[in-house]
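Data block below; observations after.
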Amino acid sequence: MSGKKSAALRSMPEGWRAAVHDYVKTVNQAEIAMKTDGLSGVIADYGHLTRMSRRLSRLEERDRLRGAFPARQESRARLLEIGTTRERDGEVSVRLELHFKRSLEQRGAGYAEERQEIERLRLAQTDGRWRIVRIEPEIGELRDGANGGPEHDAGQQDDMLPLPQAAKSVSAPYINYDLLPYFNQHRPGIPYRRDLAAAYADRWWNQPNSAYETFDVNCTNYVSQCLFAGHAPMNYTGRRASGWWYKGRVGGQESWSYSWAVADALQRYLSTPRSGGMRATPVDAPWQLKLGDVICYDWEGDGRYGHNTIVTAFDREGMPLVNANTVSSRHRYWDYRDSYAWTIRTRYRFFHIADLF
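Each position in the sequence shown, counted from 1, maps to that position plus 1 in this note's numbering.
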């Protein structure tokens, strides 16, 4: 087993930057050993140490039960922001992007899973030494609603009017308004291209496609893009509370359905039987899923689904590996027990997307 240090922070000078470098290196070692023992000398946030220790324990138990053995762990880091508090005041806050890549072996075969997480660190200097005194993970899977704003109620009636005629030219390439009568009444029997959906998911898992809006909470927008890349047809209604469609922004106005961009709304859309268009069948277990199918996550078990992923590969046991956004993830094991969002109350819904539309 081996670990690779963060390349992005190697050139950092002494001081608080060196403390951040040591933190990234030690986190990488903790992910390899599945223990947080070495972190107590680097950080003084014992609440986060407990949180991380529990997450690593879940990960270790899961790997053992799956017969999967970590062979290599790589960690990279990038400073996204530096707070306004100056170093000379003895306190600094930073926003840090961590990129983890785990290589695993399972029953004679190997695969790699990746994820990008963002943390806010607060560092303080005491007796000439910089230490991390506060760590706040940005747990993107817990956030719902498009663009980080108020949560949308997918069940309410929306007052959005059909888009004006002047907006027609903005719609390309997603909706051609001159062809709208035929768009929603397409020729039946078009196959769902699962390979294309998965290929799109792997192409854009850690960077936005500029052809679409990118939200602060992007998981469902990303999954919808993947489904559409697999030739799932939009159901354009012009009203945000119905259909499944994307138009973009017109004159500063949001133009997409709740089901396109909000986690619980997509779950409801997939749960609703329909005779045509993009549709899905709920199944009972993850091993019943295929490439390009969708998993929805209810972290608190209260019926509110706050995260969605798309199946992009399978392990040697035939269990799905998934891609996601907000916390960008590639070929991550489907159950998300390695996420800070996971709780013992977590419930899942598994949707098999129709083979023909």
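For each residue, glycine too, the CB sits at the ideal point set by N, CA and C. Since this is a predicted model, take the numbers as computed values, not measurements.
{"Check": "Neighbour-count burial assignment, TRP17, 16 or more Cβ in a 10 Å radius", "Outcome": "buried"}
{"Check": "Selected residue, minimal CA-CA separation from ALA264, among GLN208, ASN326, SER256 and MET53", "Outcome": "ASN326"}
{"Check": "Proximity winner among ILE296, PRO71 and GLN126, relative to GLN107 (alpha-carbon distances)", "Outcome": "PRO71"}
{"Check": "Extent of the continuous beta strand (DSSP E) run through SER76", "Outcome": "69 to 83"}
{"Check": "Pair within 7 angstroms by beta-carbon distance, SER225 and ARG241", "Outcome": "no"}
{"Check": "Run of the beta strand (DSSP E) containing TYR306, from where it starts to where it stops", "Outcome": "That residue, TYR306, is in no beta strand (DSSP E); it is neither H nor E in DSSP."}
{"Check": "GLU139 - DSSP class collapsed to helix/strand/coil", "Outcome": "coil"}
{"Check": "Distance CB(TYR1)-CB(CYS227) smaller than 7 angstroms", "Outcome": "Nothing in the structure corresponds to residue 1, since the chain is present only between 2 and 358."}
{"Check": "Cβ-Cβ distance between GLU75 and LYS102 below 7 angstroms", "Outcome": "yes"}
{"Check": "THR127 - containing beta strand (DSSP E), residue span", "Outcome": "110 to 127"}
{"Check": "Simplified DSSP assignment, three categories, for ALA173", "Outcome": "Note that ALA173 scores a pLDDT of 30, beneath 50, so its modelled location is shaky; the value from the coordinates is reported in the next line. Note: ALA173 maps to coil in three-state DSSP."}
{"Check": "Residue ranges of each alpha helix (DSSP H) within the segment 215 to 267, 4 or longer", "Outcome": "220 to 230 and 259 to 262"}
{"Check": "Rounded straight-line distance, which links the Cα of ALA233 to that of ARG116", "Outcome": "27 angstroms"}
{"Check": "Proximity below 7 angstroms, CB of ARG1 to CB of ARG63", "Outcome": "The first residue shown for the chain is 2 and the last is 358, placing residue 1 beyond what the model contains."}
{"Check": "Buried versus exposed, by CB contacts within 10 Å (16 or more), ASP23", "Outcome": "buried"}
{"Check": "Residue span of the beta strand (DSSP E) that contains ILE44, given as start and end", "Outcome": "First-last for ILE44: undefined, no H or E at that position."}
{"Check": "Euclidean distance between Cα positions of ARG79 and GLY249", "Outcome": "30 angstroms"}
{"Check": "Nearest to SER104 (by Cα), restricted to the options VAL95, ARG73, LEU292 and THR215", "Outcome": "ARG73"}
{"Check": "When ALA230, GLY231 and GLN254 are compared against GLY239, the one with the closest alpha-carbon", "Outcome": "GLN254"}
{"Check": "Reduced DSSP secondary structure (H/G/I, E/B, other) of TYR201", "Outcome": "helix"}
{"Check": "Simplified DSSP assignment, three categories, for TRP335", "Outcome": "coil"}
{"Check": "Backbone secondary structure at TRP131 - three-state DSSP", "Outcome": "strand"}
{"Check": "Selection from ASP299, GLN289, SER243 and THR127 that minimises the alpha carbon distance to VAL43", "Outcome": "THR127"}
{"Check": "Identified DSSP bridge partners for ASP299", "Outcome": "ARG348"}
{"Check": "Beta-ladder partner(s) of SER94, from DSSP", "Outcome": "ARG123"}
{"Check": "For ASP154, three-class secondary structure by DSSP", "Outcome": "Residue placement at ASP154 is poorly supported in this model, since its pLDDT is 42, which falls under 50; the coordinates are not used for a value here."}
{"Check": "Beta carbon of VAL323 nearer than 7 angstroms to that of THR310", "Outcome": "yes"}
{"Check": "Cα-Cα separation, GLN289 to LYS26", "Outcome": "39 angstroms"}
{"Check": "Local conformation of ALA19 per DSSP, three classes", "Outcome": "helix"}
{"Check": "MET13, DSSP secondary structure in three states", "Outcome": "At MET13 the pLDDT is 44, less than 50, meaning the model places this residue with poor confidence and gives no usable figure here."}
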